[in-house]
Amino acid sequence: MLFFLALLSLFDLKMWESLDIAMKEMTREMDYITLVADGQRGIPKKCPCGQPIYHDISKIEGDLGNRYFTCKAYKNDRFHWRVPWFYGVEEEFDKLTEQIDEQNQKLSGLETQLKQMSEELKNQRGVIAKLKELVEQVVKNIFDGW
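What the sequence shown shows, in mature numbering (1 follows the signal peptide of the UniProt record, and there is no 0), is residues -18 to -1, 1 to 128, in sequence order.
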């Protein structure tokens, strides 16, 4: 126990608190970098920093003429987006294809539901016709008896 108390007196608690704050800050930064990296799907509309995205054509030697979707405030610090044009368009195409497939599945389900409702409507029309006949017979019997 005395050894533990001696160690505690050696280390200042403020140092541990500042270290804890620094670790939390680093963790938040890494989480943000991960979110930025994972969020790059399709054609971006806004950068995670809030700046708009514009269509950029590279003027750098060795990358000359390549197209990118780039943040207005782009810096190579992994906090801003610079997505190659081809990847952005390809991912957007894949996303749209998935949405079309989902809509086709919903549509086929609605078509099946429509067929079932049409059959049910035909049956109900038959029931209504039978009820009309019964009502006519009842009315005829009532008024013929007078």
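Beta carbons are placed, not taken as given, at the ideal position from N, Cα and C, and that holds for glycine.
Nonlocal neighbours in the same chain, by C-beta distance under 8 angstroms from residue i, ignoring five residues either side
i, result
"S40", "L46, G47, N48, R49 and Y50"
Where the beta strand (DSSP E) through residue i begins and ends
i, result
"F51", "R49 to C53"
"I35", "I35 to I39"
"R60", "No beta strand (DSSP E) contains R60, which DSSP labels as neither H nor E."
Residues near residue i by beta carbon distance below 7 angstroms, same chain, minus five either side
i, result
"I3", "none"
"K54", "Q33, P34 and Y36"
Pair within 8 angstroms by beta-carbon distance, residue i and residue j
i, j, result
"W67", "P26", "no"
"T52", "Y36", "yes"
"K97", "G24", "no"
"F75", "C31", "no"
Exposure label - residue i; buried when at least 16 CB within 10 Å
i, result
"V109", "exposed"
"V120", "exposed"
"V117", "exposed"
Alpha-carbon to alpha-carbon, residue j and residue i
i, j, result
"D83", "E73", "15 angstroms"
"K88", "E101", "20 angstroms"
"L113", "S90", "35 angstroms"
"K28", "V65", "12 angstroms"
Residue range of the unbroken alpha helix (DSSP H) whose run includes residue i
i, result
"K114", "W67 to D126"
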